[in-house]
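Colleague:
Numbering (our numbering), first residue to last: 56 to 473.
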């Protein structure tokens, strides 16, 4: 029986949370896009990945509600709205509007806000979000091309884009255990708050909050909260058995990197010194219809043994800004992602069956271009980044959010698949 239904606002965020569920022994399937009404799935948890993080608010709400309807029709008892651990959004949304719509649809009036993942440096203190020890607004997310984050206060961020008021459960309450957290949540709700930001500084806090929200119909946040919830349920669950169906098969691999995050820049720099690598020309993405075929020909010409070839549009923030100022942010993104989608399809047709992809938008485009409707979730390469295997097809993917993984991530992914 399905235990948890997750609605995620992008592809890598979906695989992020799914990986933590599997690591705690929950058999998990990820479905891409709103599932068809007649689709039946046998799993402990189902993660529906949408592309709703930065689309128009109305589209994000519509897709999220349709996903909720599908999960409820299958008897799912608890729901999780998953967004990025850096709370990627704008003053208009989409986190606030989607949260409000889900609460209304479920007849609920209160939920938690917790984009936390201590193992990847995302912590919350007094309601302020930190990334690797610095406030969110001082991290690389300040320069994000689509959702620049210029405030670290999650209460202000949520209040600006939602219908209610946001309170905070501080870390001192977390230290007292789940009963104290439940009491603090009940107090905030009684005082008219609609949302509560949960502080978390360490792994122990995840376990406490996971137990504290175990009876809530809807929770929202990052994969750290889901990790805590799954640990509370795990018991004697077998993580290896849960990951078996998603384990990658040996095959021919390619690395495609579209993220321009700080960590992906470091990962590309480390990898291109050791493997065949080719930088993408943004100008040609925008002007040359045959460019994807040229890139595919280059990949196919690389040796079959050794490290997988890398094709990347990853670049420093100042270069990204220069190109966006010249051509327009949306135009640059659409052109590059379109080329990556066509490249992935051409390589699949040529026999490639392992795709290591960096960047949420790039992962979404690659997945859609390959026509993959769902994944079995496999073993984690790094916290929040599992290998996944397409349902019914011999394709394996590693879909990495921009700032996840360490510098040798591209190497580590291939080591695990060997």
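Glycine included, every Cβ here is placed at the ideal spot set by N, Cα and C.
Comparing the CB of residue 253 with every heavy atom of the ligand NAD, is any distance shorter than 6 Å?
Modeller: In the structure shown, the ligand NAD is absent, as is every other ligand, since no ligand is present at all.
Colleague: Based on the DSSP secondary-structure assignment, which residues constitute the bridge partners of residue 444?
Modeller: For residue 444, which the question treats as bridged, DSSP gives the partners 431, 451.
Colleague: DSSP on residue 227, reduced to helix/strand/coil?
Modeller: Reduced to three states, the DSSP call for residue 227 is helix.
Colleague: Please return the same chain residues whose Cβ sits closer than 7 Å to the Cβ of residue 228, not counting the five positions on each side in sequence.
Modeller: Once the five neighbours on either side are set aside, the close Cβ partners of residue 228 are 235, 236, 239.
Colleague: Among the residues of its own chain, which have a CB less than 7 Å from the CB of residue 406, if the five just before and after it don't count?
Modeller: These residues qualify, in order along the chain: 307.
Colleague: Going by alpha carbons, who is nearest to residue 148 out of 165, 187, 103, 213?
Modeller: Answer by Cα proximity: 213.
Colleague: Decide yes or no for the touch test of the region 441–455 against the region 395–412: beta carbon pairs closer than 8 Å, at least 3 of them.
Modeller: A contact exists between the region 441–455 and the region 395–412.
Colleague: Give the straight-line distance between the Cα atoms of residue 445 and residue 430, rounded to the nearest whole angstrom.
Modeller: The alpha-carbon atoms of residue 445 and residue 430 are separated by roughly 4 Å.
Colleague: Can you tell me the Cα-Cα spacing of residue 394 and residue 287, whole angstroms?
Modeller: Rounded to the nearest angstrom, the two C-alpha atoms are 43 Å apart.
Colleague: With burial defined as no fewer than 16 other Cβ atoms inside 10 Å of the residue's Cβ, what is the status of residue 196: buried or exposed?
Modeller: The residue is buried, with at least 16 neighbouring Cβ atoms inside 10 Å.
Colleague: In the DSSP assignment, find the alpha helix (DSSP H) that holds residue 127 and state where it starts and stops.
Modeller: First-last of the alpha helix (DSSP H) with residue 127: 112–128.
Colleague: Which same chain residues end up closer than 6 Å to residue 75 when comparing Cβ atoms and leaving out the 5 residues on each side of it in sequence?
Modeller: So the list reads 278, 281, 282, once near-sequence residues are dropped.
Colleague: Closer than 6 Å by C-beta to residue 119: which residues in its own chain qualify, once you throw out the five before and the five after it? Chain order, please.
Modeller: Counting only Cβ-Cβ distances below 6 Å, and skipping sequence neighbours, we find 62, 153.
Colleague: Return the CA-CA distance between residue 376 and residue 388, expressed in angstroms with no decimal places.
Modeller: Each residue's Cα considered, the two are about 12 Å apart.
Colleague: Along the chain, where does the alpha helix (DSSP H) containing residue 320 start, and where does it finish?
Modeller: Taken as a continuous stretch (DSSP letters only), the alpha helix (DSSP H) holding residue 320 covers 317–327.
Colleague: What ranges does the alpha helix (DSSP H) occupy inside the region 330–366, keeping only unbroken runs of at least 4 residues that lie completely in it?
Modeller: Within the region 330–366, the complete alpha helix (DSSP H) runs of at least 4 residues are 337–342, 346–355.
Colleague: Let me make sure I understand the geometry here. Which of 72, 250, 150 has the alpha-carbon closest to that of residue 175?
Modeller: Selected option, being the one with the closest Cα: 72.
Colleague: Along the alpha helix (DSSP H) that carries residue 98, what are the first and last residues, could you check?
Modeller: Note, residue 98: premise wrong, no alpha helix (DSSP H); not H, not E.
Colleague: Could you please give the first and the last residue of the uninterrupted beta strand (DSSP E) stretch that includes residue 85?
Modeller: It spans 83–87 - the beta strand (DSSP E) in which residue 85 sits, taken as one unbroken run.
Colleague: Pull up the distance between the alpha-carbon of residue 165 and that of residue 146, whole angstroms please.
Modeller: Taking the straight line joining both Cα atoms gives about 21 Å.
Colleague: Report the residue from 186, 68, 207, 217 whose alpha carbon sits nearest the alpha carbon of residue 139.
Modeller: Measuring from the Cα of residue 139, the nearest candidate turns out to be 68.
Colleague: Between which residues of its own chain and residue 156 is the CB-CB distance below 8 Å, once the five residues before and five after are set aside?
Modeller: Correct list, in chain order: 116, 119, 120.
Colleague: DSSP three-state label for residue 60, please.
Modeller: DSSP places residue 60 in strand when its eight states are reduced to three.
Colleague: Going by beta carbon distance, what residues of the same chain come within less than 6 Å of residue 199, once the five residues before and after it are set aside?
Modeller: If we look at residue 199 and ignore the five residues flanking it on each side, it has no Cβ neighbours.
Colleague: To which residues of the same chain is residue 433 closer than 7 Å at the C-beta, ignoring the five residues directly before and after it?
Modeller: For residue 433, where only same-chain residues beyond five positions count, the Cβ hits under 7 Å are 298, 301, 302, 303, 441, 442, 443, 444.
Colleague: Let's test the definition: count the other Cβ atoms within 10 Å of the Cβ of residue 360 and tell me whether it reaches 16, buried, or not, exposed.
Modeller: Residue 360 is exposed by the Cβ-count criterion.
Colleague: CB residue 310 to CB residue 465, shorter than 7 Å?
Modeller: The answer is yes: Cβ separation under 7 Å.
Colleague: Could you pull the DSSP bridge partners for residue 180 from this structure?
Modeller: Partner(s): 183.
Colleague: Hey, could you find the ends of the beta strand (DSSP E) residue 161 is sitting in?
Modeller: From DSSP, residue 161 is part of no beta strand (DSSP E) but of the alpha helix (DSSP H) over 150–161.
Colleague: Measure the Cβ-Cβ separation of residue 137 and residue 419 and say whether it is below 7 Å.
Modeller: No, they are not a contact pair.
Colleague: What did DSSP end up calling residue 6 once you bin it into helix, strand or coil?
Modeller: A question about residue 6 goes unanswered here, because the residues of the chain that appear run from 56 up to 473.
Colleague: With a threshold of 7 Å on Cβ separation, who are the neighbours of residue 421 within its own chain once the five nearest residues in sequence on each side are excluded?
Modeller: Answer for residue 421: 311, 395, 396, 399, 410, 412, listed in chain order.
Colleague: Among residues of its own chain, excluding the 5 on either side of residue 218, which ones have a beta-carbon nearer than 8 Å to its beta-carbon?
Modeller: 151, 155, 249.
Colleague: What residue range does the alpha helix (DSSP H) around residue 388 cover?
Modeller: Taken as a continuous stretch (DSSP letters only), the alpha helix (DSSP H) holding residue 388 covers 384–404.
Colleague: Between the alpha carbons of residue 383 and residue 335, how many angstroms are there, rounded?
Modeller: Rounded to whole angstroms, residue 383 to residue 335 spans 17 Å at the Cα level.
Colleague: First and last residue of the beta strand (DSSP E) that includes residue 166?
Modeller: That run of the beta strand (DSSP E) goes 166–169.
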